[in-house]
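Residue numbers (the working numbering): 52 to 382.
Every residue, glycine too, gets a C-beta built ideally from N, C-alpha and C.
Printed below as a string of C-alpha coordinates:
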(Lines of atoms letter the chains of each structure in order from A and count residues from 1; the text may use other names and numbers.)
(Lines give C-alpha, C1' and ligand atoms only; values in the text may rest on other atoms or scores of the structure.)
Protein backbone atom coordinates (compact mmCIF):
# COMPACT_ATOMS: atom_id res chain seq x y z
CA UNK A 1 0.00 0.00 0.00
CA UNK A 2 2.84 2.41 0.87
CA UNK A 3 4.48 1.59 -2.45
CA UNK A 4 1.23 2.31 -4.29
CA UNK A 5 0.86 5.68 -2.55
CA UNK A 6 4.40 6.73 -3.49
CA UNK A 7 3.96 5.54 -7.07
CA UNK A 8 0.80 7.63 -7.49
CA UNK A 9 2.47 10.71 -6.02
CA UNK A 10 5.43 10.29 -8.37
CA UNK A 11 3.09 9.72 -11.31
CA UNK A 12 1.24 12.96 -10.59
CA UNK A 13 4.48 14.94 -10.31
CA UNK A 14 5.76 13.56 -13.61
CA UNK A 15 2.45 14.35 -15.31
CA UNK A 16 2.50 17.93 -13.99
CA UNK A 17 6.08 18.42 -15.20
CA UNK A 18 6.07 16.66 -18.56
CA UNK A 19 2.48 16.12 -19.66
CA UNK A 20 2.42 13.96 -22.79
CA UNK A 21 5.44 14.87 -24.99
CA UNK A 22 4.41 14.44 -28.63
CA UNK A 23 7.63 12.65 -29.55
CA UNK A 24 7.02 9.90 -27.00
CA UNK A 25 5.22 6.71 -27.92
CA UNK A 26 2.13 6.51 -25.73
CA UNK A 27 0.30 3.31 -24.68
CA UNK A 28 -3.01 4.82 -25.83
CA UNK A 29 -1.59 4.89 -29.37
CA UNK A 30 -0.91 1.16 -29.09
CA UNK A 31 -4.41 0.63 -27.72
CA UNK A 32 -5.87 2.55 -30.65
CA UNK A 33 -3.92 0.54 -33.21
CA UNK A 34 -4.89 -2.67 -31.47
CA UNK A 35 -8.57 -1.72 -31.57
CA UNK A 36 -8.40 -0.79 -35.27
CA UNK A 37 -6.60 -3.99 -36.24
CA UNK A 38 -8.78 -6.26 -34.13
CA UNK A 39 -11.95 -4.63 -35.43
CA UNK A 40 -10.94 -5.26 -39.05
CA UNK A 41 -10.04 -8.86 -38.21
CA UNK A 42 -13.30 -9.55 -36.38
CA UNK A 43 -15.47 -7.92 -39.03
CA UNK A 44 -13.82 -10.14 -41.62
CA UNK A 45 -13.94 -13.25 -39.41
CA UNK A 46 -17.66 -12.86 -38.65
CA UNK A 47 -18.52 -11.63 -42.19
CA UNK A 48 -20.30 -8.62 -40.73
CA UNK A 49 -22.52 -6.62 -43.04
CA UNK A 50 -22.08 -2.87 -43.47
CA UNK A 51 -25.87 -2.50 -43.36
CA UNK A 52 -26.72 -0.93 -39.96
CA UNK A 53 -29.54 -3.30 -38.97
CA UNK A 54 -28.09 -6.58 -40.25
CA UNK A 55 -26.10 -9.11 -38.18
CA UNK A 56 -27.00 -7.43 -34.89
CA UNK A 57 -26.18 -10.42 -32.70
CA UNK A 58 -22.92 -11.21 -34.47
CA UNK A 59 -21.86 -7.56 -34.31
CA UNK A 60 -22.47 -7.50 -30.56
CA UNK A 61 -20.57 -10.78 -30.12
CA UNK A 62 -17.63 -9.55 -32.18
CA UNK A 63 -17.56 -6.30 -30.23
CA UNK A 64 -17.58 -8.19 -26.93
CA UNK A 65 -14.68 -10.37 -28.10
CA UNK A 66 -12.73 -7.24 -29.01
CA UNK A 67 -13.31 -5.86 -25.52
CA UNK A 68 -12.17 -9.06 -23.80
CA UNK A 69 -9.03 -9.45 -25.92
CA UNK A 70 -8.00 -5.82 -25.51
CA UNK A 71 -8.51 -5.91 -21.74
CA UNK A 72 -6.56 -9.14 -21.29
CA UNK A 73 -3.63 -7.87 -23.37
CA UNK A 74 -3.33 -4.35 -21.98
CA UNK A 75 -3.98 -5.29 -18.36
CA UNK A 76 -1.30 -7.96 -18.63
CA UNK A 77 1.35 -5.59 -20.04
CA UNK A 78 2.01 -3.58 -16.83
CA UNK A 79 1.85 -6.76 -14.74
CA UNK A 80 4.48 -8.44 -16.93
CA UNK A 81 6.69 -5.34 -16.98
CA UNK A 82 6.42 -5.11 -13.18
CA UNK A 83 7.49 -8.72 -12.75
CA UNK A 84 10.48 -8.23 -15.02
CA UNK A 85 11.45 -5.01 -13.21
CA UNK A 86 11.48 -6.76 -9.81
CA UNK A 87 14.47 -8.77 -11.02
CA UNK A 88 16.53 -5.57 -11.12
CA UNK A 89 15.74 -4.12 -7.70
CA UNK A 90 13.12 -2.14 -5.83
CA UNK A 91 14.24 1.31 -7.00
CA UNK A 92 13.93 0.46 -10.68
CA UNK A 93 10.59 -1.25 -10.05
CA UNK A 94 9.17 1.86 -8.40
CA UNK A 95 10.46 4.08 -11.20
CA UNK A 96 8.97 1.89 -13.92
CA UNK A 97 5.64 1.51 -12.12
CA UNK A 98 5.48 5.29 -11.62
CA UNK A 99 6.18 5.81 -15.33
CA UNK A 100 3.48 3.32 -16.30
CA UNK A 101 1.03 5.05 -13.93
CA UNK A 102 1.94 8.52 -15.21
CA UNK A 103 1.09 7.48 -18.76
CA UNK A 104 -2.50 6.87 -17.67
CA UNK A 105 -2.94 10.48 -16.47
CA UNK A 106 -3.66 13.43 -18.75
CA UNK A 107 -4.12 16.49 -16.55
CA UNK A 108 -1.36 18.72 -17.90
CA UNK A 109 -2.07 17.69 -21.48
CA UNK A 110 -5.77 18.48 -21.09
CA UNK A 111 -4.92 21.93 -19.78
CA UNK A 112 -2.33 22.48 -22.51
CA UNK A 113 -4.71 21.58 -25.33
CA UNK A 114 -7.66 23.53 -23.92
CA UNK A 115 -5.48 26.60 -23.34
CA UNK A 116 -4.53 26.55 -27.02
CA UNK A 117 -8.21 27.24 -27.66
CA UNK A 118 -8.17 30.06 -25.12
CA UNK A 119 -5.08 31.67 -26.64
CA UNK A 120 -6.52 31.52 -30.16
CA UNK A 121 -9.77 33.09 -28.98
CA UNK A 122 -7.88 35.87 -27.21
CA UNK A 123 -6.14 36.62 -30.52
CA UNK A 124 -9.57 36.74 -32.19
CA UNK A 125 -8.46 33.91 -34.48
CA UNK A 126 -11.64 31.85 -34.77
CA UNK A 127 -10.24 29.53 -37.44
CA UNK A 128 -7.29 28.58 -35.24
CA UNK A 129 -9.59 28.21 -32.23
CA UNK A 130 -11.84 25.83 -34.18
CA UNK A 131 -8.83 23.77 -35.23
CA UNK A 132 -7.52 23.67 -31.67
CA UNK A 133 -10.82 22.58 -30.16
CA UNK A 134 -11.30 19.96 -32.89
CA UNK A 135 -8.30 18.14 -31.40
CA UNK A 136 -10.08 17.57 -28.08
CA UNK A 137 -13.77 17.17 -28.97
CA UNK A 138 -15.74 14.72 -31.08
CA UNK A 139 -18.24 17.17 -32.57
CA UNK A 140 -17.91 19.03 -35.86
CA UNK A 141 -16.30 22.40 -35.19
CA UNK A 142 -16.42 24.22 -38.54
CA UNK A 143 -19.82 25.77 -37.78
CA UNK A 144 -18.98 26.93 -34.25
CA UNK A 145 -18.82 30.60 -33.36
CA UNK A 146 -16.51 31.89 -30.61
CA UNK A 147 -19.05 31.07 -27.90
CA UNK A 148 -19.57 27.57 -29.27
CA UNK A 149 -15.83 26.94 -29.37
CA UNK A 150 -15.46 28.16 -25.79
CA UNK A 151 -18.36 26.03 -24.62
CA UNK A 152 -16.89 22.94 -26.30
CA UNK A 153 -13.54 23.50 -24.58
CA UNK A 154 -15.12 23.99 -21.15
CA UNK A 155 -17.25 20.86 -21.58
CA UNK A 156 -14.18 18.85 -22.54
CA UNK A 157 -12.23 20.01 -19.50
CA UNK A 158 -15.18 19.12 -17.27
CA UNK A 159 -15.74 15.68 -18.80
CA UNK A 160 -12.09 14.69 -19.13
CA UNK A 161 -11.22 15.77 -15.61
CA UNK A 162 -13.03 12.56 -14.71
CA UNK A 163 -12.22 10.40 -17.74
CA UNK A 164 -8.61 11.47 -18.12
CA UNK A 165 -7.48 11.95 -14.54
CA UNK A 166 -9.82 10.99 -11.70
CA UNK A 167 -11.08 7.67 -13.05
CA UNK A 168 -7.64 6.18 -13.86
CA UNK A 169 -6.38 7.55 -10.54
CA UNK A 170 -9.14 5.81 -8.58
CA UNK A 171 -8.63 2.56 -10.47
CA UNK A 172 -4.91 2.69 -9.64
CA UNK A 173 -5.60 3.48 -5.99
CA UNK A 174 -7.76 0.38 -5.72
CA UNK A 175 -6.21 -2.05 -8.20
CA UNK A 176 -2.68 -0.77 -8.74
CA UNK A 177 -1.07 0.35 -11.99
CA UNK A 178 -2.75 -2.46 -13.93
CA UNK A 179 -6.11 -1.02 -12.87
CA UNK A 180 -5.24 2.25 -14.56
CA UNK A 181 -4.31 0.43 -17.75
CA UNK A 182 -7.56 -1.55 -17.56
CA UNK A 183 -9.56 1.66 -17.27
CA UNK A 184 -7.66 3.48 -20.00
CA UNK A 185 -8.25 0.55 -22.36
CA UNK A 186 -11.98 0.69 -21.63
CA UNK A 187 -12.05 4.45 -22.16
CA UNK A 188 -10.09 4.23 -25.42
CA UNK A 189 -12.41 1.55 -26.77
CA UNK A 190 -15.42 3.69 -25.95
CA UNK A 191 -13.91 6.73 -27.65
CA UNK A 192 -13.25 4.72 -30.82
CA UNK A 193 -16.16 2.30 -31.16
CA UNK A 194 -18.69 3.36 -28.51
CA UNK A 195 -20.77 5.49 -30.89
CA UNK A 196 -24.48 5.15 -31.58
CA UNK A 197 -24.07 5.48 -35.33
CA UNK A 198 -24.63 3.09 -38.23
CA UNK A 199 -21.14 1.60 -37.96
CA UNK A 200 -20.99 0.97 -34.21
CA UNK A 201 -24.60 0.84 -32.99
CA UNK A 202 -24.19 -2.86 -32.17
CA UNK A 203 -20.47 -3.55 -32.57
CA UNK A 204 -19.66 -0.96 -29.92
CA UNK A 205 -22.33 -1.96 -27.41
CA UNK A 206 -20.03 -3.86 -25.03
CA UNK A 207 -17.39 -1.11 -25.04
CA UNK A 208 -19.94 1.64 -24.39
CA UNK A 209 -21.73 -0.25 -21.60
CA UNK A 210 -18.47 -1.14 -19.86
CA UNK A 211 -17.28 2.46 -20.09
CA UNK A 212 -20.54 3.65 -18.52
CA UNK A 213 -20.06 1.17 -15.68
CA UNK A 214 -16.41 2.05 -15.05
CA UNK A 215 -17.13 5.79 -15.01
CA UNK A 216 -20.25 5.67 -12.84
CA UNK A 217 -18.53 6.27 -9.50
CA UNK A 218 -15.52 8.35 -10.69
CA UNK A 219 -17.76 10.85 -12.50
CA UNK A 220 -19.85 11.46 -9.39
CA UNK A 221 -16.80 11.78 -7.16
CA UNK A 222 -15.34 14.24 -9.68
CA UNK A 223 -18.54 16.30 -9.71
CA UNK A 224 -18.65 16.40 -5.91
CA UNK A 225 -15.08 17.65 -5.65
CA UNK A 226 -15.65 20.18 -8.43
CA UNK A 227 -18.40 21.68 -6.29
CA UNK A 228 -16.03 21.78 -3.32
CA UNK A 229 -13.26 23.27 -5.47
CA UNK A 230 -15.67 25.98 -6.60
CA UNK A 231 -16.13 26.92 -2.94
CA UNK A 232 -12.39 27.39 -2.37
CA UNK A 233 -11.98 29.29 -5.65
CA UNK A 234 -14.71 31.79 -4.83
CA UNK A 235 -17.05 30.54 -7.54
CA UNK A 236 -20.76 29.79 -7.25
CA UNK A 237 -20.44 26.56 -5.28
CA UNK A 238 -24.10 26.59 -4.26
CA UNK A 239 -25.03 26.88 -7.92
CA UNK A 240 -22.63 24.04 -8.70
CA UNK A 241 -24.40 21.72 -6.25
CA UNK A 242 -27.83 22.88 -7.43
CA UNK A 243 -27.17 22.47 -11.15
CA UNK A 244 -25.38 19.16 -10.55
CA UNK A 245 -28.45 17.83 -8.76
CA UNK A 246 -30.88 19.32 -11.29
CA UNK A 247 -29.23 18.80 -14.67
CA UNK A 248 -26.76 15.90 -14.39
CA UNK A 249 -29.22 13.44 -15.94
CA UNK A 250 -30.04 15.66 -18.91
CA UNK A 251 -26.97 14.48 -20.81
CA UNK A 252 -27.29 11.43 -23.06
CA UNK A 253 -24.33 10.00 -21.15
CA UNK A 254 -25.05 8.80 -17.62
CA UNK A 255 -21.63 10.06 -16.53
CA UNK A 256 -20.33 13.05 -18.50
CA UNK A 257 -23.37 15.10 -17.47
CA UNK A 258 -22.26 14.87 -13.84
CA UNK A 259 -19.11 16.96 -14.20
CA UNK A 260 -20.53 19.15 -16.97
CA UNK A 261 -23.46 20.11 -14.76
CA UNK A 262 -21.22 20.84 -11.78
CA UNK A 263 -18.95 22.97 -13.95
CA UNK A 264 -21.87 24.83 -15.53
CA UNK A 265 -23.23 25.68 -12.09
CA UNK A 266 -19.85 26.79 -10.77
CA UNK A 267 -19.29 29.12 -13.73
CA UNK A 268 -22.88 30.33 -14.00
CA UNK A 269 -23.10 29.49 -17.70
CA UNK A 270 -25.08 27.24 -20.00
CA UNK A 271 -23.42 24.18 -21.54
CA UNK A 272 -24.36 21.42 -24.01
CA UNK A 273 -27.21 22.09 -26.45
CA UNK A 274 -27.48 21.09 -30.11
CA UNK A 275 -24.28 20.12 -31.94
CA UNK A 276 -23.19 18.55 -35.22
CA UNK A 277 -21.58 15.11 -35.21
CA UNK A 278 -20.34 13.49 -38.43
CA UNK A 279 -22.30 16.07 -40.42
CA UNK A 280 -25.60 15.42 -38.63
CA UNK A 281 -27.32 17.78 -36.20
CA UNK A 282 -27.82 16.12 -32.82
CA UNK A 283 -30.36 17.74 -30.50
CA UNK A 284 -29.29 17.90 -26.86
CA UNK A 285 -30.84 19.66 -23.88
CA UNK A 286 -28.88 22.46 -22.29
CA UNK A 287 -27.57 22.28 -18.73
CA UNK A 288 -27.00 25.15 -16.36
CA UNK A 289 -28.57 28.59 -16.08
CA UNK A 290 -27.39 31.24 -18.51
CA UNK A 291 -26.62 33.93 -15.96
CA UNK A 292 -24.15 35.43 -18.43
CA UNK A 293 -22.53 34.68 -21.78
CA UNK A 294 -19.63 32.25 -21.74
CA UNK A 295 -16.21 33.86 -22.32
CA UNK A 296 -12.71 32.53 -23.13
CA UNK A 297 -11.71 33.21 -19.52
CA UNK A 298 -14.07 30.40 -18.52
CA UNK A 299 -11.60 27.95 -20.07
CA UNK A 300 -8.95 29.18 -17.63
CA UNK A 301 -11.37 28.96 -14.73
CA UNK A 302 -12.49 25.45 -15.73
CA UNK A 303 -8.86 24.32 -15.63
CA UNK A 304 -8.43 25.79 -12.15
CA UNK A 305 -11.51 23.90 -11.00
CA UNK A 306 -10.13 20.71 -12.55
CA UNK A 307 -6.69 21.09 -10.96
CA UNK A 308 -7.97 21.84 -7.48
CA UNK A 309 -10.60 19.08 -7.53
CA UNK A 310 -8.00 16.53 -8.68
CA UNK A 311 -5.54 17.58 -5.97
CA UNK A 312 -8.28 17.30 -3.35
CA UNK A 313 -9.19 13.82 -4.58
CA UNK A 314 -5.51 12.85 -4.47
CA UNK A 315 -5.17 14.02 -0.88
CA UNK A 316 -8.39 12.41 0.33
CA UNK A 317 -7.64 9.20 -1.56
CA UNK A 318 -4.14 8.92 -0.13
CA UNK A 319 -5.46 9.63 3.37
CA UNK A 320 -7.96 6.79 2.96
CA UNK A 321 -5.23 4.46 1.65
CA UNK A 322 -3.00 5.42 4.57
CA UNK A 323 -5.81 4.74 7.04
CA UNK A 324 -6.47 1.34 5.47
CA UNK A 325 -2.77 0.57 5.71
CA UNK A 326 -2.60 1.50 9.40
CA UNK A 327 -5.71 -0.39 10.47
CA UNK A 328 -5.23 -3.51 8.36
CA UNK A 329 -1.46 -3.79 8.42
CA UNK A 330 -1.50 -3.91 4.60
CA UNK A 331 1.95 -2.59 3.68
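- Status (buried if at least 16 other CB within 10 Å, exposed otherwise) for residue 207: Looking up residue 207 in the chain shown gives position 156. Buried: at least 16 other Cβ atoms inside 10 Å.
- Inside the stretch 100-161 only - alpha helix (DSSP H) runs reaching at least 4 residues: 107-136 and 141-153
- Task: Give every residue of the same chain whose Cβ lies closer than 6 Å to the Cβ of residue 161, excluding the five residues on either side of it in the sequence, and list them in chain order.
- Result: Stepping through the chain shown from its first residue, residue 161 is reached at position 110. For residue 161, where only same-chain residues beyond five positions count, the Cβ hits under 6 Å are 211 and 215.
- In terms of alpha-carbon separation, which member of 265, 305, 228 and 98 lies closest to residue 150? In the chain shown, counting from the first residue as 1, residue 150 sits at position 99. Residue 228 is the option with its Cα nearest to residue 150.
- Task: State whether the stretch 129-136 contacts the stretch 93-110, with contact taken as three or more CB pairs (one from each stretch) at a distance under 8 Å.
- Result: no
- Message: Among 362, 349 and 375, whose alpha-carbon lies nearest the alpha-carbon of residue 170?
- Response: Counted from its first residue, the chain shown places residue 170 at position 119. Measuring from the Cα of residue 170, the nearest candidate turns out to be 349.
- Query: How long is the line joining the alpha carbons of residue 293 and residue 316, rounded to whole angstroms?
  - Reply: Within the chain shown, numbered from 1, the residue matching residue 293 stands at position 242. Within the chain shown, numbered from 1, the residue matching residue 316 stands at position 265. Rounded to whole angstroms, residue 293 to residue 316 spans 7 Å at the Cα level.
- Item | Extent of the continuous beta strand (DSSP E) to which residue 333 belongs | Along the chain shown, read from residue 1 onward, the residue named residue 333 stands at position 282. That run of the beta strand (DSSP E) goes 331-333.
- Task: Look at the alpha carbon of residue 67 and the alpha carbon of residue 96, and state the distance between them as a whole number of angstroms.
- Result: As a first step, residue 67 is located in the chain shown; it is residue number 16 there, counting from the start. As a first step, residue 96 is located in the chain shown; it is residue number 45 there, counting from the start. Roughly 43 Å separates the two Cα atoms.
- Item | 6 Å CB neighbourhood of residue 204 in its chain, flanking five on each side removed | Taking the first residue of the chain shown as 1, we reach residue 204 at position 153. Contacts found: 165, 168, 184 and 350.
- Message: Could you pull the DSSP bridge partners for residue 326 from this structure?
- Response: As a position in the chain shown, residue 326 is number 275, starting the count at 1. Looking at the DSSP assignment, residue 326 forms a beta bridge with 333.
- To the nearest angstrom, how far is it from the Cα of residue 52 to the Cα of residue 373? The residue you call residue 52 lines up with position 1 of the chain shown. The residue you call residue 373 lines up with position 322 of the chain shown. Rounded to whole angstroms, residue 52 to residue 373 spans 8 Å at the Cα level.
- Residue span of the alpha helix (DSSP H) that contains residue 314, given as start and end: Within the chain shown, the letter at position 263 stands for residue 314. 307-318 is the span of the alpha helix (DSSP H), which, as asked, contains residue 314.
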